[in-house]
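Novice: Per the UniProt record's numbering, the sequence shown runs over residues 1 to 146.
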Amino acid sequence: MAKTAGLSGVHGSDIDHEVSQTMAAAVEEMASSVAEITSTMEELSTSSTQIADHSQSVVDVANQTLERSRKGSTAMQLLQSKMQDIRSDSEQSLAEIMTLGAKSKQINKVMELINTLAAQTKLIAFNAALEASSAGGVRSTLFSCR
Numbered sequence: 001m002a003k004t005a006g007l008s009g010v011h012g013s014d015i016d017h018e019v020s021q022t023m024a025a026a027v028e029e030m031a032s033s034v035a036e037i038t039s040t041m042e043e044l045s046t047s048s049t050q051i052a053d054h055s056q057s058v059v060d061v062a063n064q065t066l067e068r069s070r071k072g073s074t075a076m077q078l079l080q081s082k083m084q085d086i087r088s089d090s091e092q093s094l095a096e097i098m099t100l101g102a103k104s105k106q107i108n109k110v111m112e113l114i115n116t117l118a119a120q121t122k123l124i125a126f127n128a129a130l131e132a133s134s135a136g137g138v139r140s141t142l143f144s145c146r
């Protein structure tokens, strides 16, 4: 029995040693896994920080683009308003030109009438002068006969 107990003690010591080595290997493997996980977490943290920085840059660019779009939209609305003003002014100018053209035609007709009247007045005056000179010749004949 002592022999069995001695064997059992030796054998138990080997088992303890194997268990210790297995546990040490498992702890080492866990430590390695924890180190790997920690490294991965640090990489993820760095990546997350970079993504956050890039996201902020994207947000900044988007805000700048939005502001420029708003300014562009305002400028386009102002341009459209100015173009409408120009169109309105052009239409008004065209209407005034048409009115002036009609008045110019009326003035031209009045001038033609005045020229016609002037020509007729000259003709009447010339006719009157001829009659006066003819009558003057008759008068002088009448006065000479007496």
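A virtual CB, placed ideally from N, CA and C, is assigned to each residue, including glycine. Since this is a predicted model, take the numbers as computed values, not measurements.
1. Just how far apart, CA to CA, sit S90 and G72?
2. Note down the Cα distance separating S47 from H54, rounded to an integer number of angstroms.
3. From S93 to M83, what distance separates their C-alpha atoms?
4. Rounded to whole angstroms, what's the CA-CA distance from S33 to V61? Just pull it up for me.
Specialist: To lay it out plainly:
1. Computed Cα separation, rounded: 26 angstroms.
2. Distance between the alpha carbons of S47 and H54: 10 angstroms.
3. 15 angstroms
4. When rounded, the distance between both Cα atoms is 41 angstroms.
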